[in-house]
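Q: Encoded as structure tokens, here's the structure I'll be asking about.
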Amino acid sequence: MAYTVRRPNLTFWEKIYLPNIVAGLAITFKHLRKMLQGETKVVMQYPEEKWDAHLPEYYRGAPTLVTDEHGRERCVSCQLCEFICPPRAITITPGELASDSKFAKVEKAPKAFEIDMSRCIYCGLCEEVCPEQAIYLRKDYAVTGENRADMVHHKDKLYELGGTMPGLVHKWNPEK
Amino acid sequence: MDFINDIPWLLIAASVAKTLFLIFLIVLPIVSYTVYAERRVSALIQDRLGPNRTGFPTSLLGFHKDLQLFLGGLGQPVADAVKFLLKEEFTPGHVNKFYFWLAPVLAMVPALSTLAVLPFGNYMFGQKMVVADVNVGILYVFAIASIGVYGIVLAGWSSNSKYPFLGGIRATSQMISYELSLGLSAVPVLMIIGNLNLSDAIQYQIDNGWLLLPFTDGKLTLRELLLWIPVGISFIVFTISMFAETNRLPFDLPESETELVAGYHTEYSSMKFALFFLGEYAAMIAGSSVIVVLFLGGWHLPFLPINTLESSTTPAGMALGLIHISVFFAKVIALLIFFIWVRWTLPRFRFDQLMKLGWLYLFEIALVNIFITAAILALVK
Amino acid sequence: MSTEVPLLNVQIDGVWLQFPKGTKVIDACSQAGKFIPRYCYHPKLSIPGNCRMCLIEMGMPKMTPDRKPVLGADGRPEIGWIPRPQISCAQDIAEGMGVRTNSPMVQECRKGVMEFLLINHPLDCPICDQAGECRLQEFSVEYGNASSRFLERKVKKPKNVELGPRVTLDAERCVLCSRCIRFMKEVAKDDVLGFVDRGGFSTIACHPDKTLESNYSLNTVDICPVGALTSTDFRFKMRVWFLKETKSIDVNDGLGCNILIGSREGKIYRITPRENNDVNGNWIPDSHRLNFKYIQAENRLAHPTVAGNEAHWKVAIAEATASLKGAGKLALVLSARLTNEEIYLAKRLASALGITVMDVVPRVGEPDGILIPADRNPNTTGAQTLGVTGKTPGARLKEIQDGIRKGTIGGLLCLGEDLLECGFTHDDLVKLKSLVASSILPNATTAAAHVVLPGAAFAEKRGSMVNIRGRLQRLNKAVEPAASARDDWEFLADLLAAAGATHALTSIEDVFRSMAQDEHAFAGLNLGKIGDLGLQLLPEVAGVNV
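Chains as they are written, first to last, in my numbering: chain A, -2 to 173; chain B, 56 to 436; chain C, 2 to 547.
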């Protein structure tokens, strides 16, 4: 359907455009003046001033792995995060838990778990998709490295960043 | 030191010295700091800070902190230059190599060449502060400035890819369109001055007050008051056309990022890209200088004594000469900041709007303006 | 469809359709585009009707007292609906029958059945290998409840039980459909599985004195609709949704079972059978499906070698041709594991080099009476059709061997075989002036060869083969060849060019087209025409039964 947009009826001064340009220049100048006089305070001086104290609960920083209160790694390497990850930053090598392990009922745990932080886009889909609540986006945002290999977070690093997340996932309790 | 003008090789040496002084000590530093100003001013207008902490990276050498040699990021242009020099000089495989390499040169050279006829000061060391004091003055400026479009067209065409090509085409039509109004809007000024030589233009303004501000000589006649109307129109048309000629926003369609990636210089990198960048800003300086010479009295400042050829070798005369040069470039810099200010205020035109403005309004206005001037000049003595 | 079978009128969800007599209701509905969920029903097995998932609402024509159907306004019989649901798998269609596949009652039934099946389910999908191709997951989403109402303790059953060398059982996931029991009894003829215990404690178990070690045991994993039976080999290796499935054929015997190759990022993880009722039905022997590890073996021939040193392909091709040309009389030994295209190119190469003596290496084993025939070469028939071997494959090998021993044959081109395994001795190989060998893995022949050309395994190339029943089938490429190994046809074409023959072969399609022009048997065909299920190339040969 053709749709006609009604154009406003402009006065002569609006038509020649120049007064409006002057008005625009006045607005930008006002911003410039306020910045110069220090009245506007929007940006932070990053390395000196940090936002850490103000980070909201829902902040999405680097993805990490967590263990439960018994020290069991919650990840069972179902690889759903690897599947959902839009930039394909996650690589999991699944492994089997030894039958004499304390958590043998879980049967499966990641042998290797790598997140390539140079690929990660902090979308949080991995956290959302995880059926075991094993992966969380914590508040680390300054992820740096001197080469590509440095930017890959391995399993140990991920558990170190993630720490412990209490709360029992009942299905692996042998009694339930 | 009049004898210099009589000995050809000394004259050439003096011209070379003036050129080197103008380009390397004045224009290129202004260019690089205009780029810095562009970033800082745009940032401030947008409530940001811009580059404010570029120092000397002593931490790379093992020190704890970087050395803040320059206050508030004034080292940024140096860092930019170093970066441009160190970047890989990459030529894509699909380009026409010869023209691809020629284009940045053609963008830079005409912009700098136009500066040759602009009197940027009065006298220093017994020399007139203009590289070539030629009588065709303003015509030379227009002639050389229009060569600048070849750099852009060749860049667009030789890059052999669509965005540069579109940018090149847009640049061509835009430059051709606005050159007309640019030239025509200068005609009334030249009619008033009665001479094409730019030094004479300044002399006229010293005698009769700046064209745009006719009261600077202390008196305001009826004729001047009447001429103020066409001169004002000329100034506006000339300035707008200058924006279009230098591809500045709101007329930066040849390189509009949102549509054309980077327009004609999409395929360029490293120093070749830097040449385009420098050329663009040098063109801005040249354009501003022309405005300053034609409308704002050049190096002249009212109430300031004027040194002469004879006095320019004395310390007092030298000081005055330096002040004149400073005045000229202060005016240029003020205009450059105006350029920047406008850029971060106005949105980009649509291409048809640009063409309509150029051909249907500015061209006609400039044309009619000539007749108004002529009438005033003929009727009011 | 043979016209002998009468067609019956059946109303499915209000639409009257015709199906041949003897069709099961569940199949009739499927053909009508109304899928009915099922766990225990499998078209190749007997019908126990024990999962109750395929319940439908069914009706028969209302009858007048004189046993004539009551006709409705549209001239069709009026249907008297049976008030209780029926299982559609155990029901043959009948004239005038009505079926409702999605009525409120049917939906309610499915929901109830799903709830019962999931009562004791451990919900360990994250670690279950079936996840992603699990009927429980699929039907739970489609027909089940979002949450469980079951608050009591779940019944604990044995987990991670090794039923046999290749199959692992997780009894908690089992829905007791008995497909595996029926398969072992009816198809594999090795009745070792059965139910033990009663009610909610009922589980699958193996005969106490036996294990599930039949060569067809892994088919139970394929037909298991849930994650109860899983392959020990594939266990926890890769999630199925990552696998790229490539339709191809098995090359371990002359039948050429149709398979799906599951690969991810250049690595093969599993091979599963693909239904083709003219060849292998739905099954494949374990020994065949697990025989893909060599493709990713550490010792794969990765680069061409000349006199034991790694060489560039161009050098190796030039050297191979030069050394063969300078070796006097030549012979060709080729493998019946090569595709038709490769054999055809080898034949052209033979004529370009003036080779007249050639044969394939026979490979014979004991037939198992189910799917494995005596001929263990996948393309013996193709080699015979292309004329590189006679009625008895390998008959001329002796002649070649004698020629080498007498010194009349100075050069030998060996494609994809180990000569020491077919009667040649190391002394014979040393006697040769020139030996050029292609292979996938290193062997005694490649060790002795002057030039070694690394080839591609079956999952790394496209091509066609003719099985023992004369059926032309197609191989497809699942993964890239290892390192700088190349598709066999590519280096054969290069050898052909180096031998002085001009050709314009730039793709496997070109090779097939050229073969179709030169070889009468393949006339008018191309790779695309073969199709996923293959086509009968030669008059059908009575062979093994499925």
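We put the beta carbon where it would ideally sit given N, CA and C, even for glycine.
I'd like the list of long-range same chain contacts for residue 293 of chain C, defined as Cβ closer than 7 Å, with 5 residues on each side in sequence excluded.
A: The count along the third sequence starts at 1 and reaches residue 293 of chain C at position 292. Counting only Cβ-Cβ distances below 7 Å, and skipping sequence neighbours, we find 269, 272, 460.
Q: Looking at the strands, I want to know which residues DSSP matches up with residue 98 of chain C.
A: Walking along the third sequence from the start, residue 98 of chain C turns up at place 97. Looking at the DSSP assignment, residue 98 of chain C forms a beta bridge with C/11.
Q: Report yes or no: is there a C-beta of chain A within less than 8 Å of the C-beta of residue 212 of chain B?
A: The residue given as residue 212 of chain B occupies position 157 in the second sequence. No, because no Cβ of chain A sits closer than 8 Å to the Cβ of residue 212 of chain B.
Q: Evaluate residue 25 of chain A with the Cβ neighbour count: other Cβ atoms within 10 Å of its Cβ, from every protein chain shown; 16 or more gives buried, anything less gives exposed.
A: Here residue 25 of chain A refers to the residue found at position 28 when the first sequence is read from its first residue. Result: buried.
Q: Answer with yes or no whether the minimum CB distance from residue 80 of chain A to chain C is below 8 Å.
A: As a first step, residue 80 of chain A is located in the first sequence; it is residue number 83 there, counting from the start. By this cut-off, residue 80 of chain A is an interface position.
Q: Tell me which same chain residues have a C-beta within less than 8 Å of the C-beta of residue 320 of chain C, skipping the five on either side of it?
A: The residue given as residue 320 of chain C occupies position 319 in the third sequence. Excluding positions up to five away in sequence, the list reads 307, 312, 451, 452.
Q: With a 10 Å radius around its C-beta and 16 neighbouring C-beta atoms as the bar for buried, classify residue 138 of chain B as buried or exposed.
A: Start at 1 with the first residue of the second sequence, and residue 138 of chain B comes out as number 83. Burial call: exposed.
Q: Of all Cβ atoms in chain B, is any one closer than 8 Å to the Cβ of residue 9 of chain A?
A: For the purposes of this step, residue 9 of chain A is taken as residue 12 along the first sequence, with counting starting at 1. No, residue 9 of chain A does not count as interfacial toward chain B.
Q: Mind checking the segment 228 to 250 of chain C against chain A and listing, in chain order, the residues whose C-beta falls within less than 9 Å of any C-beta there?
A: Taking 9 Å as the upper bound on Cβ-Cβ separation, chain A lies near residues 236, 237, 238, 239, 240, 242, 243 of the segment 228 to 250 of chain C.
Q: I'd like to check one pair, residue 469 of chain C with residue 256 of chain C: are the Cβ atoms closer than 8 Å?
A: On the third sequence, residue 256 of chain C is found 255 positions in, with the first residue counted as 1. On the third sequence, residue 469 of chain C is found 468 positions in, with the first residue counted as 1. Yes; because the gap between Cβ atoms is below 8 Å, this pair is in contact.
Q: Can you tell me where the alpha helix (DSSP H) with residue 78 of chain A in it begins and where it stops?
A: The residue given as residue 78 of chain A occupies position 81 in the first sequence. Segment 77 to 81, the alpha helix (DSSP H) holding residue 78 of chain A.
Q: Of the residues that make up the segment 136 to 165 of chain C, which ones have a beta carbon closer than 9 Å to any beta carbon in chain A?
A: 154, 155, 157, 160, 161
Q: Runs of 4 residues minimum, wholly inside the segment 390 to 467 of chain C: which ones carry the alpha helix (DSSP H) assignment?
A: 398 to 407, 427 to 432, 445 to 449
Q: Out of curiosity, what's the CA-to-CA distance linking residue 73 of chain C and residue 97 of chain C?
A: Counted from its first residue, the third sequence places residue 73 of chain C at position 72. Counted from its first residue, the third sequence places residue 97 of chain C at position 96. Near 12 Å, if we compare the C-alpha coordinates of residue 97 of chain C and residue 73 of chain C.
Q: Among C/449, C/350, C/467, which one has its Cα closest to the Cα of residue 425 of chain C?
A: Walking along the third sequence from the start, residue 425 of chain C turns up at place 424. Closest by alpha carbon: C/449.
Q: Thinking C-beta only, is residue 308 of chain B closer than 8 Å to residue 398 of chain B?
A: Taking the second sequence and counting its residues from 1, one reaches residue 398 of chain B at position 343. Taking the second sequence and counting its residues from 1, one reaches residue 308 of chain B at position 253. Their beta carbons are not under 8 Å apart, which means residue 398 of chain B does not touch residue 308 of chain B by this criterion.
Q: What does the alpha-carbon distance come out to for the pair residue 61 of chain B and residue 33 of chain A?
A: As a working mapping, residue 61 of chain B is identified with position 6 in the second sequence. As a working mapping, residue 33 of chain A is identified with position 36 in the first sequence. Between the alpha carbons of residue 61 of chain B and residue 33 of chain A lies a gap of roughly 53 Å.
Q: Once DSSP output is grouped into helix, strand and coil, what is the label at residue 121 of chain C?
A: The count along the third sequence starts at 1 and reaches residue 121 of chain C at position 120. Residue 121 of chain C: coil per DSSP, three-state reduction.
Q: Count the other C-beta atoms from every protein chain shown that fall within 10 angstroms of the C-beta of residue 118 of chain A, then say buried if there are 16 or more, exposed otherwise.
A: In the first sequence, residue 118 of chain A corresponds to position 121, counting from 1. It is exposed - the Cβ of residue 118 of chain A has fewer than 16 other Cβ atoms within 10 Å.
Q: Straight-line CA distance for residue 81 of chain C to residue 90 of chain C?
A: The count along the third sequence starts at 1 and reaches residue 81 of chain C at position 80. The count along the third sequence starts at 1 and reaches residue 90 of chain C at position 89. Cα to Cα, the separation comes out at about 21 Å.
Q: Report yes if the C-beta distance between residue 35 of chain B and residue 22 of chain A is below 8 Å; otherwise report no.
A: This structure cannot speak to residue 35 of chain B, because chain B is shown only from 56 to 436.
Q: Could you tell me the distance, in whole angstroms, from the CA atom of residue 432 of chain C to the CA atom of residue 355 of chain C?
A: For the purposes of this step, residue 432 of chain C is identified with residue 431 of the third sequence, where counting begins at 1. For the purposes of this step, residue 355 of chain C is identified with residue 354 of the third sequence, where counting begins at 1. The straight-line gap from Cα to Cα measures roughly 21 Å.
Q: Mind checking residue 410 of chain C: buried by the 16 CB within 10 Å criterion, or exposed?
A: Your numbering for residue 410 of chain C matches position 409 in the third sequence. By the neighbour-count rule (16 or more Cβ atoms within 10 Å), residue 410 of chain C is buried.
Q: Residue 104 of chain A: which of A/114, A/79, A/92 sits nearest, CA to CA?
A: The sequence position of residue 104 of chain A within the first sequence is 107, counting from 1. The residue with the shortest Cα to Cα distance from residue 104 of chain A is A/92.
Q: How would you call residue 491 of chain C, buried or exposed, if buried means at least 16 neighbouring beta carbons within 10 angstroms?
A: In the third sequence, residue 491 of chain C corresponds to position 490, counting from 1. Buried is the call here.
Q: If we ignore side chains and look at the alpha-carbon of each, how far apart do residue 378 of chain C and residue 402 of chain C end up?
A: Walking along the third sequence from the start, residue 378 of chain C turns up at place 377. Walking along the third sequence from the start, residue 402 of chain C turns up at place 401. The straight-line gap from Cα to Cα measures roughly 21 Å.
Q: If you drop the 5 nearest sequence neighbours on each side, which residues of the same chain put their C-beta closer than 8 Å to that of residue 547 of chain C?
A: As a working note, residue 547 of chain C is residue 546 in the third sequence. Per-residue confidence for residue 547 of chain C stands at a pLDDT of 45, beneath the threshold of 50, marking its modelled position as unreliable; the derived number appears in the next sentence. Hits under 8 Å: 278, 280, 281, 282, 284, 371, 372.
Q: Quick one: list the residues of chain A neighbouring residue 103 of chain B, beta-carbon separation under 9 Å, in chain order.
A: Sequence index remark: in the second sequence, residue 103 of chain B carries index 48 (1-based). Going along chain A in sequence order, the residues near residue 103 of chain B (Cβ under 9 Å) are 32, 39, 40.
Q: Count the other CB atoms, across all protein chains shown, that sit within 10 Å of the CB of residue 149 of chain B; report buried if there are 16 or more and exposed otherwise.
A: Position 94 of the second sequence, counted from the start, is the residue given in the question as residue 149 of chain B. So residue 149 of chain B ends up on the exposed side.
Q: Per DSSP, which one or two residues make a beta bridge with residue 57 of chain C?
A: The residue you call residue 57 of chain C lines up with position 56 of the third sequence. DSSP, once it has assigned bridges, lists C/87 as partnering residue 57 of chain C.
Q: Please go through the same chain and pick out, in chain order, the residues whose beta-carbon is closer than 6 Å to the beta-carbon of residue 238 of chain C, but skip the five residues on each side of it.
A: In the third sequence, the residue the question calls residue 238 of chain C occupies position 237. Excluding sequence neighbours, residue 238 of chain C sits near 270.
Q: Output needed for residue 95 of chain B: all residues of its chain with C-beta closer than 6 Å, excluding positions within five of it in sequence on either side, in chain order.
A: Here residue 95 of chain B is taken as the residue at index 40 of the second sequence, counted from 1. Contacts found: 105.
Q: So, residue 303 of chain C versus residue 484 of chain C, is the Cβ gap smaller than 8 Å?
A: Numbered from its first residue, the third sequence carries residue 303 of chain C at position 302. Numbered from its first residue, the third sequence carries residue 484 of chain C at position 483. The answer is yes: Cβ separation under 8 Å.
Q: Give the single residue among C/286, C/315, C/291 whose Cα lies nearest to the Cα of residue 486 of chain C.
A: Within the third sequence, residue 486 of chain C is the residue found at index 485, counting from 1. Checking every option, the nearest Cα to that of residue 486 of chain C belongs to C/315.
Q: Note down, in chain order, every chain A residue with its Cβ under 9 Å from the Cβ of residue 283 of chain B.
A: For the purposes of this step, residue 283 of chain B is taken as residue 228 along the second sequence, with counting starting at 1. Here the premise fails: no neighbours, minimum Cβ distance about 17 Å.
Q: Between residue 400 of chain B and chain A, is the shortest Cβ-Cβ distance under 8 Å, so that the two count as touching?
A: By one-based count along the second sequence, residue 400 of chain B stands at place 345. Look at residue 400 of chain B: its C-beta is under 8 Å from a C-beta on chain A.
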